[in-house]
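Here is the structure we will look at, set down as structure tokens.
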Amino acid sequence: MLIFVEYKWNASYMKIEHINGLVAAPFTPMKPDGSLNLELIPTYYQILKSAGVVGAFVCGSTGEGPSLTFKEKMLMIKAWADCAKKGDDFKIIPLLGGTCISECVELAQYAAAAGVHGVSITAPYYFKIGSVDTLAEICRTVAGSIPSTPFYYYHIPVLTGVDFQMISLLERVDDIPNFAGIKYTHEDFMDFLSCLNYKDNTYDMLWGRDENLLSALVLGAKGGVGSTYNYAAPLYHDLITLYNQGKPEAAQKKQQQSIDMIRLLGKYGGIATGKAYMKLMGLDCGEFRLPVKNMSAAQFESFKRDVDHLTSKAFVRQFLLHIVLLNSCIAYGKQQPCLCAGKYKRFTALVN
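Going by the working numbering, the sequence shown opens with residue -9, and the numbers climb by one from there.
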């Protein structure tokens, strides 16, 4: 798969790279005692790379960032950054936090030194922000501490409760040389399109809702960040390819397969269901920490049956591809990583 990278210049003449393709929001691997399972990350990284994913948004909502300690975030950032230092163009973007600005600054400087592609923050969600000007000032403070590293704002009002129009934020951050763009996890398509078009598409607008990626592509999105890209990236690659080929009805069918898969997340309690999908693949990332509720053993068995019911749909072929890819990476990843991609391509040809 060819990945084309586009650059834009902001008012201060810093290159803003527009990420084209899928950026996964990885789960944070946990051991049975709830501690980090950092040993799993190199395999995890290889799986995403071999599946055509172009980056990882680590320590985000899917990655339980708000439930990690400062030290744990440092360990996660280093583990992922070390994987991406091998000369591969794989972009690591950690979520720093949002509530404690001083801590975000400290972690931003650590992440920049570790060699990440960029960093991100959310809006403070305890003491609420009174104006978009205040939000812009927070971005200015954190971004200013790492002037050579791209900075992204993570817009997710369903969790932060902060729902300013993002076009209003962009209008106030033109003086921030390294403000790269926004991870946009919201359903306001009018605002999203305005952000895309702002100053001739200057900023990198990454779509954050997997279940309506197709709608964002219609508006002009080129990159997306999502949790289901961890285990269903081939499905979304097909969706994007069909859309680009001018086959909207076929692309709609792929989006519906995504929706069918995502409905199970809601049925079994939400975000923790994603780790259940990973477990079915064979990559056991452990459980979520409190306050997120995990499945019981009985619920997991019911979940497996529901996933089996998807076998009448094309999604299962994509899911099986990821299982094959996982096994290839575990068997060959550290010694012969090129074999992972080769096996993936061969099995793709067999099942398509």
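By construction, the Cβ of each residue, glycine as well, lies at the ideal position given by its N, Cα and C atoms.
All values derive from a computational prediction rather than experimental measurement.
Residue environment, A1, which counts as buried when at least 16 other CB atoms sit within 10 Å: Summary for A1: the model assigns pLDDT 46, below 50, so the residue's position carries little reliability, and this model does not support an answer.
Straight-line Cα distance separating F17 from N10: Approximately 22 Å between the Cα atoms of the pair.
Cβ pair A223, L232 closer than 8 Å: The Cβ-Cβ distance between A223 and L232 does not fall below 8 Å.
The stretch 34 to 42 in contact with the stretch 83 to 99 per 3-pair CB rule at 8 Å: Contact between the stretch 34 to 42 and the stretch 83 to 99 is absent, because fewer than three Cβ pairs lie under 8 Å.
DSSP-derived helix/strand/coil call for D194: D194: strand per DSSP, three-state reduction.
Beta carbon of L149 nearer than 8 Å to that of S110: No, these two residues do not count as a Cβ contact at 8 Å.
Y233 - containing beta strand (DSSP E), residue span: Premise fails: Y233 lies in the alpha helix (DSSP H), Y219 to N234, not in any beta strand (DSSP E).
Helix, strand or coil at P84 according to DSSP, with G and I counted as helix: Of the three classes helix, strand and coil, the one that applies to P84 here is strand, per DSSP.
For Y176: DSSP bridge partner residues: One detail in the question is off: residue 176 reads as His in this sequence, not Tyr. BP columns for H176 are empty, so no partner.
F154 in three-state terms, based on DSSP: In the three-state reduction of the DSSP assignment, F154 falls in the coil class.
Buried/exposed call for N234, threshold 16 Cβ in 10 Å: Burial call: exposed.
Complete beta strand (DSSP E) runs within the stretch 52 to 133 (minimum length 3 residues, chain order): Complete beta strand (DSSP E) runs here, min 3: 81 to 84 and 109 to 111.
Alpha-carbon to alpha-carbon, D123 and R162: Between R162 and D123, the C-alpha separation is close to 7 Å.
Backbone secondary structure at M20 - three-state DSSP: Correct three-state label for M20: strand.
Endpoints, the beta strand (DSSP E) within which A14 is located: Counting along the chain, the beta strand (DSSP E) containing A14 begins and ends at G11 to A14.
For F141: DSSP bridge partner residues: Bridge partners of F141: V109 and F169.
When I146, K189, D298 and N168 are compared against H176, the one with the closest alpha-carbon: The residue with the shortest Cα to Cα distance from H176 is I146.
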